[in-house]
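Q: Residue numbers (the numbering used here): 722 to 943.
This structure is in structure tokens; I'll ask about it shortly.
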Ligand code: G3P
């Protein structure tokens, strides 16, 4: 499973990318709003992200509401940098836009996926990525991991990763990441704080401290 970083914060993206294990970036309007970014700076910000990690896909989300505007806006976003993927929330208009954008060679990440039929419709329209959400099911006292498992099974019955990759999204914890990997998601997109948590384990930290203490004994015995 590949790791994507789920943030629009440039500093977080640069730090996570420097770790060498980040294979993509996903953003959305809420994550951009969280950076304090203004509408006028949105495209420039996406370019900065795309240039900060030029060898991995960067999802930039369109907020258009008609197919025509999604296609026009998507083409504009895709022209900003070669690694930009156009992110569209699933609806009738975005399915039609996905089909059209694919004809132009533009990759679409279809987001806000909560059900198997939504995921299969996105694949069928030609989405390069589908993003089923996990945490938001948990927020309403449903089992997000079980829903993700159903979507992974159904999509993999009909499509391979060269057609559509599944991005497990709305992940909040290392356990979400573990479960996404065990059930076969192609990608986990992980917020920076959860990514940092994934790096650590108390036994790793304790082991590291012991190695350092023992090595001091070795070097001080010279
Ligand atoms: O990639 C989608 C993700 O950012 C949504 O996460 O935590 O807002 O449900 P969350």
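Using N, Cα and C, we set each Cβ at its ideal position, and we do this for glycine too.
(1) At a cut-off of 8 Å, is residue 804 close to ligand 3 when judged by its beta-carbon and the heavy atoms of the ligand?
(2) Taking buried to mean at least 16 other C-beta atoms within 10 Å of its own C-beta, is residue 920 buried or exposed?
(3) Counting only the same chain and skipping the five closest in sequence on each side, list residues whose C-beta sits under 7 Å from that of residue 882.
(4) When DSSP builds the beta bridges, which residues end up paired with residue 854?
(5) Since residue 810 is in the beta strand (DSSP E), which residue starts that stretch and which ends it?
(6) Any heavy atom of ligand 1 closer than 8 Å to the beta-carbon of residue 934?
(7) Out of curiosity, what's the CA-to-CA distance linking residue 872 and residue 840?
(8) Could you tell me if residue 865 is buried or exposed, where buried requires 16 or more neighbouring beta carbons within 10 angstroms of its beta carbon?
(9) Quick check on the burial criterion: 16 or more other C-beta atoms within 10 angstroms. Buried or exposed for residue 738?
(10) Determine the contact status of residue 731 and residue 770, defining contact as a CB-CB distance below 9 Å.
(11) How far does the beta strand (DSSP E) with residue 842 in it extend, from its first residue to its last?
(12) Below 9 Å between beta carbons: does that hold for residue 726 and residue 854?
(13) Give me, in chain order, the residues of the same chain whose beta-carbon lies closer than 6 Å to that of residue 788; leave out the 5 immediate sequence neighbours on both sides.
(14) Cβ of residue 912 versus every heavy atom of ligand 1: is any distance shorter than 8 Å?
(15) Considering only the alpha carbon of each residue, which of 880, 762, 905 lies closest to residue 842?
(16) Residue 832 lies in the alpha helix (DSSP H); which residues open and close that run?
A: Straight from the coordinates:
(1) This structure lacks ligand 3; its bound ligands are ligand 1.
(2) exposed
(3) 907
(4) 890
(5) 805-810
(6) no
(7) 7 Å
(8) buried
(9) buried
(10) yes
(11) Unbroken run through residue 842 is the alpha helix (DSSP H), 837-846; no beta strand (DSSP E).
(12) no
(13) 814, 817, 818
(14) yes
(15) 880
(16) It is not in any alpha helix (DSSP H) - residue 832 instead sits in the beta strand (DSSP E) that spans 829-834.
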